[in-house]
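The next block holds one structure in the form of structure tokens; read it before the comments.
Numbering (the numbering used here), first residue to last: 1 to 240.
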């Protein structure tokens, strides 16, 4: 099974690399957004650390969510996808390969943000927990990737992109990935507490300060992962 997963993982990564119109904007957009809207206001290392962690999450969210929500929806109309479904593959091979490929591309985009912050802000990496930050990035990618898969199987390809945008932008804003929650309007601050992105951000901010993860946010993110997993599984069975 390992060889099969590796073969499909390699095919996913090579397929993405061979479309530079997808890969380059995906890698550059979060860093460009960070440069334009965050860097001018980052004068101290705590603010730089927290905001960098937020935009790293924004980068991971964008890659993971759109790869699954839009990419998987388009794949459903691909004759190659129909052919793969006729092969006697173990059921976990394709999803596992797609998850690993998505994580590789997403973490690459996050590292581009970190490098941009290192060059342009008073970032203080030694005050953060690098392993905790990477673990939090990967952990938050799980429920949001599952939500993307649910979108892919619930909506036809032409509808998947606008639906994904209707979820991606509000969740990024309300979760505090663009600005601290206290800078949001009062109504948004209240709504923020009910979003998976806000609880994801809480884990990231704790890691950026070198602190332990807040248990309440870890539990909330885990609950969202279970909910979105159930929704994605139901949508997948319905589509098949």
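For every residue, glycine included, the Cβ atom is placed at its ideal position computed from N, Cα and C. Every value quoted in this text rests on a predicted model; they were computed, and no experiment measured them.
Residue 38 carries a coil assignment under DSSP once its states are collapsed to helix, strand and coil. Between the alpha carbons of residue 100 and residue 139 lies a gap of roughly 13 Å. In the displayed model, residue 155 falls within coil according to three-state DSSP, outside both helix and strand. Looking at 171, 179 and 124, the one whose alpha-carbon comes closest to that of residue 40 is 179. Contact check for residue 133 and residue 208: beta-carbon distance about 7 Å, within the 8 Å limit, so the pair qualifies. The count of Cβ pairs closer than 8 Å, one atom from the region 58-68 and one from the region 168-184, reaches three, so the stretches are in contact. For the pair residue 148 and residue 229, the CB atoms are not nearer than the 8 Å cut-off.
Between the alpha carbons of residue 56 and residue 129 lies a gap of roughly 14 Å. Ranked by how close their Cα comes to the Cα of residue 8, the residues 32, 102 and 25 have 102 in first place. If you compare the alpha carbons of 49, 141 and 154 with that of residue 225, the shortest gap goes to 141. The beta carbons of residue 203 and residue 222 sit no closer together than 8 Å. Cβ-Cβ separation between residue 49 and residue 123: approximately 6 Å, consistent with a contact (criterion under 8 Å). The beta carbons of residue 214 and residue 206 sit closer together than 8 Å. At the C-beta level, residue 93 and residue 5 come within 8 Å of one another. In summary, residue 145 is buried, with 16 or more beta-carbon neighbours lying within 10 Å of its beta-carbon over all protein chains present. Rounded to whole angstroms, the Cβ separation of residue 164 and residue 65 is 6 Å, and the two are in contact under 8 Å. In the three-state DSSP reduction, residue 10 falls in the helix class (H, G or I). Taking every protein chain shown into account, the CB of residue 112 has 16 or more other CB atoms within 10 angstroms, so this residue is buried.
For residue 158 and residue 31, the gap between their C-alpha atoms comes out near 28 Å. Counting only the Cα atoms, residue 172 lies some 27 Å from residue 126. Boundaries of the alpha helix (DSSP H) harbouring residue 102: 93-120, taken from the DSSP string.
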